[in-house]
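In the UniProt record's numbering, the protein residues as written are 1 to 323.
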């Protein structure tokens, strides 16, 4: 059948699509989701609006009240959300025509280089996880001053970079890469809320870099450094906003090595609610859970286990129960 010329949203998930044909027919498109197909090439985004035949299965219609953003431009210029995750793309540069994008999802493709982003200054969220990316280039990321979330897990990145002008970044994920240190986060000291860096090669020195976790992050509430090479909790001792600290599978051997973060869970008004220390040598101690709970009375969860009773009743009640 004929396509809706004023279609706003097109979703075609898991249809074994190999080629982006007929995209130019949807002159009013704002959301294009072709998740989990077999598409090898980003194409059609630079085509102008116009009529045409296509299949509108999985689509939502709408009027063209907001045509001003795209009138006279290509289909890509009207897109706000583009999801091409789980395809076989090798080149992301064609996204450069999508000047008004706010969300871009290209996870699980075959991308080696971040490109085509420098002019997409409305982007708030990018997911490039599970590709073959080695670098975080400043020339591509540096102009994305509205970016709030950057997901780069499961790539081959050796160093965090390109974030100097990203002063609105709230979530950063560089899990399962080749990092040996945490750095390059100076511009995020006032905004970063969640940091996911599990499955890397970060040791104590790498976690204590001046431009990394040593910064006085005002809002950082979740940190995941599971499966790294840490022997101490010292790098986190000053992060007073922490609610969740995940350190499973490191090399923390003694409770003295946990002691540096005692202040995060024992002071009045302590924010720390959950900690993961399983698969560290210290977790083999017979009284492991009891000792951690005594050290950090604000905790409501240790590893996967919720703590019952007084611990969930707030700092003061828990502290009184210990005396």
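Note that beta-carbon positions come from the ideal geometry of N, C-alpha and C, so glycine has one too.
Predicted model, so just to flag it, every value in this text is computed and none were measured.
Where the alpha helix (DSSP H) containing residue 325 begins and where it ends:
Residue 325 is absent from the model: the chain starts at 1 and stops at 323.
Taking the alpha carbon of residue 107 as the reference point, which residue from 26, 172 and 35 has its own alpha carbon closest?
In the chain shown, counting from the first residue as 1, residue 107 sits at position 107. Among 26, 172 and 35, the Cα nearest to that of residue 107 belongs to 35.
Measuring alpha carbon to alpha carbon, tell me which residue in 242, 124 and 294 is nearest residue 81.
Taking the first residue of the chain shown as 1, we reach residue 81 at position 81. Comparing Cα positions, the closest option is 124.
Go ahead and pull the three-state DSSP assignment for residue 171.
The residue you call residue 171 lines up with position 171 of the chain shown. Residue 171: strand per DSSP, three-state reduction.
Relative to the C-alpha of residue 87, which candidate in 48, 200, 116 and 128 has its C-alpha closest?
By one-based count along the chain shown, residue 87 stands at place 87. Of the candidates 48, 200, 116 and 128, the one whose C-alpha sits nearest the C-alpha of residue 87 is 128.
Whose CA, out of 256, 43 and 299, lies closest to the CA of residue 75?
Counting from 1 along the chain shown, the entry for residue 75 is found at position 75. That would be 43, whose Cα lies nearest to the Cα of residue 75.
Taking all protein chains shown into account, decide if residue 24 is buried (16 or more other Cβ within 10 angstroms of its Cβ) or exposed.
Along the chain shown, read from residue 1 onward, the residue named residue 24 stands at position 24. Buried.
Hey, residue 132 and residue 155 are a contact pair by Cβ (cut 8 Å); roughly how many whole angstroms apart?
Here residue 132 is taken as the residue at index 132 of the chain shown, counted from 1. Here residue 155 is taken as the residue at index 155 of the chain shown, counted from 1. Correct: roughly 7 Å between the Cβ atoms.
Is it true that the CB of residue 282 sits closer than 8 Å to the CB of residue 253?
For this step, residue 253 is matched to residue 253 along the chain shown. For this step, residue 282 is matched to residue 282 along the chain shown. Yes; because the gap between Cβ atoms is below 8 Å, this pair is in contact.
Roughly how many angstroms lie between the CA atoms of residue 193 and residue 222, to the nearest whole one?
As a first step, residue 193 is located in the chain shown; it is residue number 193 there, counting from the start. As a first step, residue 222 is located in the chain shown; it is residue number 222 there, counting from the start. The straight-line gap from Cα to Cα measures roughly 7 Å.
Hey, quick one: how far does the alpha helix (DSSP H) through residue 327 stretch, first residue to last?
Beyond the ends of the chain as shown, which are 1 and 323, falls residue 327; an answer cannot be given.
What did DSSP end up calling residue 232 once you bin it into helix, strand or coil?
To locate residue 232, count along the chain shown from 1; it is residue 232. The answer is coil: DSSP assigns residue 232 none of H, G, I, E or B.
Since residue 265 is in the alpha helix (DSSP H), which residue starts that stretch and which ends it?
Position 265 of the chain shown, counted from the first residue, corresponds to residue 265. 262-266 is the extent of the alpha helix (DSSP H) around residue 265.
Whole angstroms are fine: how far does the CA of residue 45 sit from the CA of residue 85?
As a position in the chain shown, residue 85 is number 85, starting the count at 1. As a position in the chain shown, residue 45 is number 45, starting the count at 1. If I take the Cα positions, the gap works out to 16 Å.
Helix, strand or coil for residue 9? Go by DSSP, reduced to three states.
In the chain shown, residue 9 corresponds to position 9, counting from 1. If DSSP states are grouped into helix, strand and coil, residue 9 belongs with the strands.
Check whether the Cβ atoms of residue 140 and residue 157 lie closer than 8 Å to each other.
On the chain shown, residue 140 is found 140 positions in, with the first residue counted as 1. On the chain shown, residue 157 is found 157 positions in, with the first residue counted as 1. Not a contact, by the Cβ cut-off of 8 Å.
Are the CB atoms of residue 153 and residue 180 nearer to each other than 8 Å?
Here the question's residue 153 lines up with position 153 in the chain shown. Here the question's residue 180 lines up with position 180 in the chain shown. The answer is no: Cβ separation not under 8 Å.
Using CA atoms only, rank isn't needed, just tell me which of 174, 144 and 197 is closest to residue 230.
On the chain shown, residue 230 is found 230 positions in, with the first residue counted as 1. Of 174, 144 and 197, the residue nearest in Cα terms is 197.
Give me, in chain order, the residues of the same chain whose beta-carbon lies closer than 6 Å to that of residue 261; leave out the 5 immediate sequence neighbours on both sides.
Within the chain shown, the letter at position 261 stands for residue 261. Answer for residue 261: 233, 236 and 237, listed in chain order.
Can you have a look at residue 297 and say buried or exposed, based on whether 16 or more other CB atoms are within 10 angstroms of its CB?
By one-based count along the chain shown, residue 297 stands at place 297. With 16 or more Cβ atoms within 10 Å of its Cβ, residue 297 is classed as buried.
Around the C-beta of residue 48, are 16 or more other C-beta atoms found within 10 angstroms, so that it is buried, or is it exposed?
As a first step, residue 48 must be located in the chain shown, where it is residue number 48. Residue 48 should be labelled exposed.
Please classify residue 306: does DSSP put it in a helix, a strand, or coil?
On the chain shown, residue 306 is found 306 positions in, with the first residue counted as 1. In this structure, residue 306 counts as strand in the three-state DSSP scheme.
Same chain, Cβ closer than 7 Å to residue 307, five either side skipped, listed in chain order:
Your numbering for residue 307 matches position 307 in the chain shown. Excluding positions up to five away in sequence, the list reads 293, 299, 300 and 301.
Since residue 274 is in the beta strand (DSSP E), which residue starts that stretch and which ends it?
Walking along the chain shown from the start, residue 274 turns up at place 274. Counting along the chain, the beta strand (DSSP E) containing residue 274 begins and ends at 274-276.
Judging by CA-CA distance, which residue of 304, 191, 165 and 218 is the nearest neighbour of residue 342?
Residue coverage of the chain in this structure runs from 1 to 323, which leaves residue 342 outside it and unanswerable.
Taking the runs of the alpha helix (DSSP H) that are 4 residues or longer, which of them lie wholly in the region 97-184?
138-141
Of all the CB atoms in chain B, is at least one closer than 8 Å to the CB of residue 32?
Chain labels in this structure do not include chain B; a single protein chain is all it has.
Can you name the start and end residues of the alpha helix (DSSP H) that residue 205 belongs to?
Here residue 205 corresponds to residue number 205 of the chain shown, with the count starting at 1. Start and end: 204-207.
When you compare only the Cα positions, how much space is there between residue 94 and residue 286?
As a working note, residue 94 is residue 94 in the chain shown. As a working note, residue 286 is residue 286 in the chain shown. So the alpha carbons of these two residues sit roughly 57 Å apart.
Judging by CA-CA distance, which residue of 271, 143 and 101 is the nearest neighbour of residue 240?
Within the chain shown, the letter at position 240 stands for residue 240. Selected option, being the one with the closest Cα: 271.
Residue of 275, 142 and 186 minimising C-alpha distance to residue 305:
Looking up residue 305 in the chain shown gives position 305. Nearest of 275, 142 and 186 to residue 305, Cα basis: 275.
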